[in-house]
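S.K.: Those protein sequences? They're chains A and B, same order as listed.
For what it's worth, the working numbering labels the leading residue of the first sequence as 1, then goes sequentially.
For what it's worth, the working numbering labels the leading residue of the second sequence as 428, then goes sequentially.
Protein chains: 2
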Amino acid sequence: MKKVGVAILGLGVVGGGTYKILDEHREFYKKIHNVDIVVESVLELRKERALALGIAENKIASNIAEICSNPEVDIVVEVIGGVEPAKTFVLAALNAGKSVVTSNKELFCKYSHELEKAAKKNNCGLFYEASCVGGVPVIRALLDNLQGNKILSMMGIINGTTNYILTKMSNGGASYDEVLKEAQKLGYAEANPTADVEGFDAAYKLSILSSMSFHTKIPFSKVYREGITDISAEDIQYGKQLGYALKLLAIGKNSDSGIEVRVHPTFVKLSHPLASVNDSYNAVYVTGDSVEDVMLYGRGAGALPTGSAIVGDIIYCATHNNFNYSTFKNTENADPSVKFVTNFESAYYIRFDAQDKAGVLSKVSSVLSKHDISVAQVIQEDGKKNGAVPLILVTHLTRENNVKKAVDEINANGGFAKVASVIRVVS
Amino acid sequence: MKKVGVAILGLGVVGGGTYKILDEHREFYKKIHNVDIVVESVLELRKERALALGIAENKIASNIAEICSNPEVDIVVEVIGGVEPAKTFVLAALNAGKSVVTSNKELFCKYSHELEKAAKKNNCGLFYEASCVGGVPVIRALLDNLQGNKILSMMGIINGTTNYILTKMSNGGASYDEVLKEAQKLGYAEANPTADVEGFDAAYKLSILSSMSFHTKIPFSKVYREGITDISAEDIQYGKQLGYALKLLAIGKNSDSGIEVRVHPTFVKLSHPLASVNDSYNAVYVTGDSVEDVMLYGRGAGALPTGSAIVGDIIYCATHNNFNYSTFKNTENADPSVKFVTNFESAYYIRFDAQDKAGVLSKVSSVLSKHDISVAQVIQEDGKKNGAVPLILVTHLTRENNVKKAVDEINANGGFAKVASVIRVVS
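(1) Buried or exposed: ALA50(A), going by 16 or more other Cβ atoms within 10 Å of its Cβ?
(2) What is the rounded straight-line gap between the Cα of PRO646(B) and the Cα of GLU511(B)?
(3) Checking the sheet assignment: what are the DSSP bridge partners for SER432(A)?
(4) At the level of alpha carbons, what is the spacing between VAL690(B) and ILE410(A)?
(5) Tell me which residues share the same chain as ALA275(A) and place their Cβ nearer than 7 Å to its Cβ, disregarding the 5 neighbours each side in the sequence.
(6) For MET295(A), which of helix, strand or coil comes out of DSSP?
(7) For a quick check, are the C-beta atoms of VAL527(B) and VAL441(B) less than 8 Å apart?
(8) So with CB distances below 9 Å, who are the chain B contacts of ASN254(A)?
(9) If you run the structure through DSSP and keep just helix, strand and coil, what is GLN147(A)?
(10) Which residue's Cα is closest to the Cα of ALA761(B): PHE771(B), CYS536(B), ALA618(B)?
(11) Roughly how far, in whole angstroms, is the beta-carbon of ALA434(B) from the beta-carbon of ILE494(B), given that I think they are within contact range, below 8 Å?
(12) Helix, strand or coil for HIS215(A), going by three-state DSSP, please let me know.
(13) Can you check DSSP and say which residues form a bridge with TYR285(A)?
(14) Please check if any C-beta of chain A sits within less than 8 Å of the C-beta of ARG726(B).
(15) What first and last residue would you give for the alpha helix (DSSP H) that runs through SER170(A)?
(16) Roughly how far, in whole angstroms, is the beta-carbon of ILE578(B) from the beta-carbon of SER640(B), given that I think they are within contact range, below 8 Å?
(17) Short of 9 Å Cβ to Cβ, which residues in the region 280-300 of chain A face chain B?
(18) Which residues, in order along the region 747-768 of chain B, keep a beta-carbon less than 9 Å from a beta-carbon of chain A?
(19) Whose Cβ in chain B lies nearer than 8 Å to the Cβ of GLU129(A)?
(20) Quick check on ASP604(B): buried or exposed, where buried means 16 or more other Cβ atoms within 10 Å of its Cβ?
(21) Spell out the partners DSSP gives GLN807(B) in its beta bridges.
(22) Please classify GLU484(B): does DSSP put it in a helix, a strand, or coil?
(23) Output, in chain order, the set of chain B residues within a Cβ distance shorter than 9 Å of ALA52(A).
(24) Taking Cβ positions only, does TYR244(A) come closer than 8 Å to chain B?
(25) Output, in sequence order along the chain, the residues in the region 213-239 of chain A whose CB is closer than 7 Å to any CB in chain B.
(26) What does ARG453(B) reach in chain A if we use C-beta pairs closer than 8 Å?
(27) If you compare alpha carbons, which of ASP408(A), LYS370(A), ALA417(A) is closest to ALA388(A)?
(28) So, for SER848(B): in the same chain, excluding its five sequence neighbours on each side, which residues have a beta-carbon less than 6 Å away from its beta-carbon?
(29) What does ILE315(A) reach in chain B if we use C-beta pairs closer than 9 Å?
(30) I want to verify the contact list: residues of chain B whose CB lies under 7 Å from the CB of SER170(A), in sequence order.
(31) Based on the DSSP output, what are the partners of ALA7(A) in its beta bridges?
(32) Let me know the secondary structure DSSP gives PRO692(B) once reduced to three states.
(33) Report yes if the CB atom of ARG826(B) is closer than 8 Å to the CB atom of ASN770(B), and no otherwise.
(34) What are the residues that DSSP puts in a beta bridge with ASN254(A)?
(35) Using the beta-carbon count (16 or more within 10 Å), is ASN461(B) buried or exposed?
(36) Three or more beta-carbon pairs under 8 Å between the region 190-202 of chain A and the region 220-235 of chain A, yes or no?
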């Protein structure tokens with residue numbers, strides 16, 4: 001039976017989960033996959049983590065060089081996260097002829113061109129299913145199932161922390177700050193939640209997924225990004241009344257006019273399958289020119305679900321002799337011939353603090369109509385609130401710039417209404 | 428650039444869709460996948476189908492031998508359906524050294540052991556993503572993503588025709604016969620709908636999916652099967668009231684007590700992600716010991732979605748040098764050491780035609796309780812209907828045989844209630 005040695009770099013949540021899965025399933029993999037997968041080495045500064053997992057002291061490496069020169073190690077699993085030292089370690093492993101499995105979205109998003117070059121040069125495998133959406137099999141679906149399609153669009157709830165926060169805000173009516181604190185207490189949000197709540201994490205993943213979907217490099221810098229920190233419980237409740245659920249949506253589209261990639265809070269119509277993806281569940285909704293709509297749903301994070309994706313890659317790597325690489329020109333920057341659309345098409349939810357006088361709706365909609373924006377839904381409250389009444393509109397499809405101009409004009413014009421919030425809408 | 432020749436056997440809905448996708452995307456695949464995929468030959472008795480697709484007359488083969496001996500053909504796509512002549516043709520192609528891509532669930536379910544043996548012997552690829560759930564990437568997810576998991580269970584809505592019928596019955600309150608006729612008119616159901624409505628199609632797919640999930644052969648004969656022809660609009664409406672949607676569910680479970688595989692109408696709790704899979708959409712909900720819950724959702728049938736799965740396999744086959752085979756002992760019959768559970772655990776919806784007298788609920792529940800069945804939900808109508816009133820119960824988890832015994836006892840005992848329908852329930 002073929003023996004395959006694995007080294008794990010980093011024994012945090014995902015590294016620990018990966019070790020546990022490999023350890024507990026070793027006999028199962030021998031029986032089913034005819035391969036003996038053995039963790040030969042780990043690299044972890046906090047030695048106690050390794051010992052707590054029952055890893056023998058002689059398997060704890062002191063540095064990456066030790067792992068690279070260990071002939072028993074065939075596959076290096078990088079689950080450290082962040083750019084450095086992960087990048088240096090991964091390149092060292094590839095250059096030492098080891099295949100690499102990584103869950104590192106920031107690293108893969110920013111440096112896939114360098115990593116892939118090193119992998120090709122050394123004839124090694126480079127696997128990153130776990131970098132996007134944890135246990136949900138989206139990378140391989142794009143590579144090996146949907147690759148006959150021109151992918152027209154993808155929409156994803158691809159960050160568990162923000163989906164947990166928005167679900168709780170929606171269910172309980174609590175404020176962002178309250179729910180964030182609770183999420184931190186429960187371990188669903190980190191002490192410094194910026195990467196999640198400001199949409200960086202989702203944008204890294206969207207950069208990777210859209211590069212693969214559209215077969216051209218979509219650098220992180222091209223992803224429009226807005227987080228959820230300004231979302232008010234009020235907007236979520238009005239959205240519900242209008243038939244929408246609020247999600248931090250990652251959207252990629254490819255059409256004749258170009259490519260658009262954006263991460264922002266979005267009202268999703270309740271009848272859309274993405275609207276019922278709640279709590280820390282994630283999902284990616286892909287539309288291809290042949291397959292039509294496909295949705296892949298599951299746990300986007302967590303020790304075992306992400307470990308499942310890593311171990312899937314390890315077994316794939318251990319049982320295949322040749323490796324394919326991405327089907328896009330993997331460069332640092334975008335291909336100059338690709339046009340990026342920033343004035344994108346969308347429907348919009350706009351909440352105004354309006355004067356409590358007759359005729360305000362008419363004034364507001366007259367400005368909107370001047371900018372070619374037509375109104376689909378309205379809520380006009382009659383109760384006073386700080387001298388102003390809430391007026392909520394949902395528009396038909398229009399363009400980003402039209403909305404910006406209309407909002408500026410309404411805010412500037414005479415004070416009959418001030419724009420309190422603008423949220424994009426997907427039907 | 429590598430050139431890969433394809434032959435398509437059968438130009439029905441799926442064959443035609445496959446041809447169109449390959450034809451329209453030829454330049455795209457050259458650019459993206461660096462491979463020139465050309466349809467070199469087709470086998471189709473109705474020549475006019477080929478001509479209507481714009482296929483040159485000299486590419487229409489007269490018989491399978493011509494395709495097998497054509498050195499330009501590398502991959503044979505079998506989309507004829509049914510066992511013969513598909514089986515003879517596929518074996519001939521494999522024995523001639525051609526790789527095979529098939530969408531044929533009945534063939535693969537019943538003869539995968541023979542086909543795989545021939546593929547291995549001849550070092551050919553054998554791909555069958557399109558055999559299960561059309562464009563939904565479930566086969567590859569089981570093979571290359573979730574293969575590190577012990578799969579605990581899978582539940583699927585894997586037949587589009589029945590899901591279309593049940594969705595329409597649920598929305599409009601029409602009877603099975605009315606909706607079937609409409610579905611036949613619209614092309615959602617065949618003139619002879621038996622394979623779909625009696626659950627054969629779903630059972631073939633469940634046999635394939637559960638064999639792969641549980642890494643042991645699950646023959647078709649082991650799949651318990653009940654169709655939807657006896658479903659009444661009445662039951663669907665009572666189910667709705669109780670918070671359930673009716674689906675033809677394919678269920679596979681693997682536990683210490685054994686394997687259970689079954690296809691039958693099932694009430695699914697509305698909060699479950701499968702409950703909102705409507706119309707001709709399909710979904711498979713897989714639970715693994717590491718990944719937790721994953722759901723794959725999309726079009727389970729249709730020319731282009733199924734064509735997408737076939738073309739995905741063609742491109743995979745064309746761009747890989749080595750092929751892996753199933754990770755289960757692919758035999759004709761079940762491994763004698765595997766225990767199949769038939770007295771399975773479930774909750775049950777039971778509708779009675781009950782006497783319109785006080786004390787009937789007490790009599791019914793007393794018999795149930797004698798068989799260790801406890802009641803979770805009750806609807807007791809007060810209006811008369813043919814001298815009897817409907818009494819509807821949903822039980823807590825119990826066992827199949829307990830319910831059978833209780834039903835027999837109630838039907839036999841004195842006539843205070845007759846069982847009108849029994850439907851299993853998933854929460």
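Glycine included, each C-beta is placed from N, C-alpha and C at the ideal position.
Being a predicted model, the structure only gives us computed values, none of them experimental.
M.R.: This is what the structure holds:
(1) It counts as buried.
(2) Roughly 19 Å between the two C-alpha positions.
(3) In this structure chain A extends from 1 to 427, so residue 432(A) is not present and cannot be described.
(4) Taking the straight line from one Cα to the other gives about 59 Å.
(5) The answer, listed in chain order, is ALA245, VAL268, LYS269.
(6) Judged by DSSP in its simplified three-state form, MET295(A) adopts strand.
(7) Note that the C-beta distance between VAL527(B) and VAL441(B) is not below 8 Å.
(8) Close to ASN254(A), with beta-carbon spacing below 9 Å, lies no residue of chain B; the smallest spacing is near 12 Å.
(9) In this structure, GLN147(A) counts as coil in the three-state DSSP scheme.
(10) Nearest neighbour of ALA761(B) by Cα position, chosen from PHE771(B), CYS536(B), ALA618(B), turns out to be CYS536(B).
(11) About 5 Å separates the two Cβ atoms, so the contact holds.
(12) It is coil, neither helix nor strand.
(13) Paired residues: MET155(A), MET295(A).
(14) Closer than 8 Å to some Cβ of chain A, the Cβ of ARG726(B) qualifies, so yes.
(15) Here the alpha helix (DSSP H) through SER170(A) covers 160-172.
(16) Rounded, the Cβ-Cβ distance is 4 Å, consistent with contact.
(17) Taking 9 Å as the upper bound on Cβ-Cβ separation, chain B lies near residues TYR281, ALA283, TYR285, VAL286, GLY288, ASP289, SER290, VAL291, GLU292, ASP293, VAL294, MET295, LEU296, TYR297, GLY298, ARG299 of the region 280-300 of chain A.
(18) Per Cβ criterion, the list reads HIS747, ASN748, ASN749, ASN751, THR754, PHE755.
(19) The answer, in chain order, is ASN572.
(20) It counts as exposed.
(21) Paired residue(s): LEU818(B).
(22) Helix at GLU484(B).
(23) In chain order: nothing, as chain B lies at least about 19 Å away.
(24) Closer than 8 Å: no.
(25) Going along the region 213-239 of chain A in chain order, one finds HIS215 with a Cβ nearer than 7 Å to chain B.
(26) Within chain A, no residue comes near ARG453(B); the closest Cβ sits about 11 Å away, beyond 8 Å.
(27) Residue nearest to ALA388(A) within the set ASP408(A), LYS370(A), ALA417(A) is ALA417(A) (criterion: CA-CA distance).
(28) Shown here for SER848(B): same chain residues with a beta carbon closer than 6 Å to its own, the five before and five after excluded, namely ASP662, ARG778 in chain order.
(29) Under the 9 Å cutoff, chain B gives ASP571, GLN574, GLY575.
(30) Neighbours of SER170(A) on chain B: none; closest Cβ ~15 Å, over 7 Å.
(31) In the DSSP output, where bridge partners are listed per residue, ALA7(A) has SER41(A), VAL76(A).
(32) It is a strand residue.
(33) Yes, the Cβ-Cβ distance between ARG826(B) and ASN770(B) is below 8 Å.
(34) Bridge partners of ASN254(A): ILE259(A).
(35) By the neighbour-count rule (16 or more Cβ atoms within 10 Å), ASN461(B) is not buried but exposed.
(36) Yes: at least three Cβ pairs fall under 8 Å.
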